[in-house]
Structure formats: structure tokens, C-alpha cells
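K.L.:
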Amino acid sequence: MFPELLPQDLEHARVIAREVIRVLSAKPVPQPEWVSPREASIILGISASNLEARRLDGEGPRYSKKGPRLVRYRVTDLHDWMEAGYVS
0 MFPELLPQDL EHARVIAREV IRVLSAKPVP QPEWVSPREA SIILGISASN
50 LEARRLDGEG PRYSKKGPRL VRYRVTDLHD WMEAGYVS
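0 is the number of the first residue of the sequence shown in numbering that gives the first Met the number 0; add one for each residue after it.
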């Protein structure tokens, strides 16, 4: 049914399997607590301009503004905002 594997194919499969095990057993990459508007728009699945419009209208997720152009969103606030709009 399946063709026989050559020794070099088996060794290649072992190398790949070891790498998969190494990657899966590694510690997860820590996620940032705060993200930029562009990153927030990706998390939310909306455009950055849509997120900005919602922010200006007071309809978007909570955010922090430090200075005239530095806007940041806490990731947990993004998730909370999405959950608040959840319809069951």
C-alpha cells in the first residue's frame, strides 16, 4: 500500500519529529499586555481605521493615551470588549 522508505528518508523523518517535539515542548512566547492600535485591530479582526473611528466615537474598547499620538490597548480589554458584544 505505501512504498518502503529509504534509510535517508527515515533519518529525515526522525530529524523532523525531534524538531516538532522540541518546538511543542518549548515554553510559550509571552504575550504582550499592551498592544498598538494596528495590533489591536488584527486581534479584533477589524481595520485600524474602523478601530480609530470607534475610539473617537467612544464605542470601542478601553484604551490608554499617553501623549498626542501614543495609543495603546490592553489585550484583556480587547477580549472583554468582544465578549460584551457576544450574542447567545
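We put the beta carbon where it would ideally sit given N, CA and C, even for glycine.
Tell me the rounded alpha-carbon separation between Glu3 and Glu10.
P.N.:
Roughly 13 Å separates the two Cα atoms.
K.L.:
How is the alpha helix (DSSP H) around Arg37 delimited, first residue to last?
P.N.:
Here the alpha helix (DSSP H) through Arg37 covers Pro36 to Leu43.
K.L.:
Looking only at DSSP bridge pairs, what is Lys64 linked to?
P.N.:
Val70.
K.L.:
Quick check: Gly59 and Leu69, are their CB atoms within less than 9 Å of each other?
P.N.:
No, the pair does not count as a contact, with Cβ atoms beyond the cut-off.
K.L.:
Do Pro31 and Val74 come within 9 Å of each other at the CB atom, strictly closer than that value?
P.N.:
Cβ distance < 9 Å, so Val74 and Pro31 count as in contact.
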